[in-house]
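To keep things clear, I will list the structure first and then write my remarks on it.
Put into structure tokens, the structure is as follows:
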């Protein structure tokens, strides 16, 4: 069965964030428990569909979905409140289930890893882009791929709990 372009984009984001950036992070402790947690999450991620999240766009963005969903520095809206994440100055998503924040890979929950590893990264000297998660969205022509990635990550987190 053919995979949709949206799902291909989400799967590519999984590879970029979790396989490349989480496993190589200095914050990730490569121990048997963390690896088992990661494999369980990966097994649940593959069949998961994005859960519904509420989106709030703070102002009309004439450039459409590309600017609206572009990641610059992702963070939770309020300290200690993990139900909403801010993508940029235009877009905030909420409705992240609290149960999704009980499943961890090492020291962080899945959503915390996504927020930690999905930052636009620039070389401090040259200001050259080292990592831009938005590239996968552009490559697959899916401006909402990053929003769908967070929603799929949360769905897989809930599925890990059985």
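Residue numbers (this note's numbering): 8 to 169. Where a beta carbon is used, it is the ideal one built from N, C-alpha and C, also for glycine.
Does the distance from the CB of residue 52 to the CB of residue 159 come in under 8 Å?
The sequence position of residue 52 within the chain shown is 45, counting from 1. The sequence position of residue 159 within the chain shown is 152, counting from 1. Their beta carbons are under 8 Å apart, which means residue 52 touches residue 159 by this criterion.
Using only CA atoms, which one of 108, 168, 148, 137 lies nearest to residue 19?
As a position in the chain shown, residue 19 is number 12, starting the count at 1. Selected option, being the one with the closest Cα: 148.
Say whether chain D places a C-beta atom closer than 8 Å to the C-beta of residue 86.
Going by chain labels, chain D is absent from the structure shown, which holds only one protein chain.
Which word fits residue 28, buried or exposed, when buried means at least 16 other C-beta atoms lie within 10 angstroms of its C-beta?
Indexing the chain shown from 1 puts residue 28 at position 21. Flag for residue 28 reads buried.
Close-in-space but distant-in-sequence residues of the same chain around residue 61 (CB under 6 Å, 5 per side omitted)
If you number the chain shown from 1, residue 61 lands on position 54. Here the set comprises 101, 102.
Compute the distance between the beta-carbons of residue 99 and residue 121, then report whether it is under 8 Å.
The sequence position of residue 99 within the chain shown is 92, counting from 1. The sequence position of residue 121 within the chain shown is 114, counting from 1. It is not a contact, given that the beta carbons lie outside the stated cut-off.
Counting only the same chain and skipping the five closest in sequence on each side, list residues whose C-beta sits under 6 Å from that of residue 113.
Walking along the chain shown from the start, residue 113 turns up at place 106. Excluding sequence neighbours, residue 113 sits near 35, 36, 41.
Cutting at 6 Å between CB atoms, please list the residues of its own chain near residue 134, excluding the five before and the five after it.
The residue labelled residue 134 in the question sits at position 127 within the chain shown. There are no such residues.
Restricting to Cα atoms, I'd like to know which of 21, 88, 129 is closest to residue 153.
Translated into positions along the chain shown, residue 153 becomes position 146. Closest option to residue 153, Cα to Cα, is 21.
Just mark residue 56 as buried or exposed, buried being the case when its beta carbon has 16 or more other beta carbons within 10 Å.
Sequence index remark: in the chain shown, residue 56 carries index 49 (1-based). Flag for residue 56 reads exposed.
Among 150, 108, 64, 59, the one whose alpha carbon lies nearest that of residue 87:
Working through the chain shown from its first residue, we reach residue 87 at position 80. Out of 150, 108, 64, 59, 108 has the C-alpha closest to the C-alpha of residue 87.
Taking the straight line between their C-alpha atoms, what separation do you get for residue 39 and residue 144?
As a working mapping, residue 39 is identified with position 32 in the chain shown. As a working mapping, residue 144 is identified with position 137 in the chain shown. So the alpha carbons of these two residues sit roughly 33 Å apart.
Out of 105, 127, 166, 150, which one is the CA nearest neighbour of residue 17?
Residue numbering aside, residue 17 sits at position 10 when the chain shown is read from its first letter. Closest by alpha carbon: 150.
Starting from the C-beta of residue 130, find all residues in its chain whose C-beta is less than 7 Å away, skip the five residues before and the five after it, and write them out in chain order.
The sequence position of residue 130 within the chain shown is 123, counting from 1. Same-chain partners within the cutoff: 137.
Helix, strand or coil: how does DSSP classify residue 164 here?
Here residue 164 corresponds to residue number 157 of the chain shown, with the count starting at 1. It is helical.
Looking at residue 32: is its Cβ nearer than 8 Å to the Cβ of residue 111?
Stepping through the chain shown from its first residue, residue 32 is reached at position 25. Stepping through the chain shown from its first residue, residue 111 is reached at position 104. No, they are not a contact pair.
With DSSP run on the structure shown, which of helix, strand or coil describes residue 10?
Numbered from 1 along the chain shown, position 3 holds the residue referred to as residue 10. In the structure shown, residue 10 sits in coil (DSSP, three-state: anything other than H, G, I, E or B).
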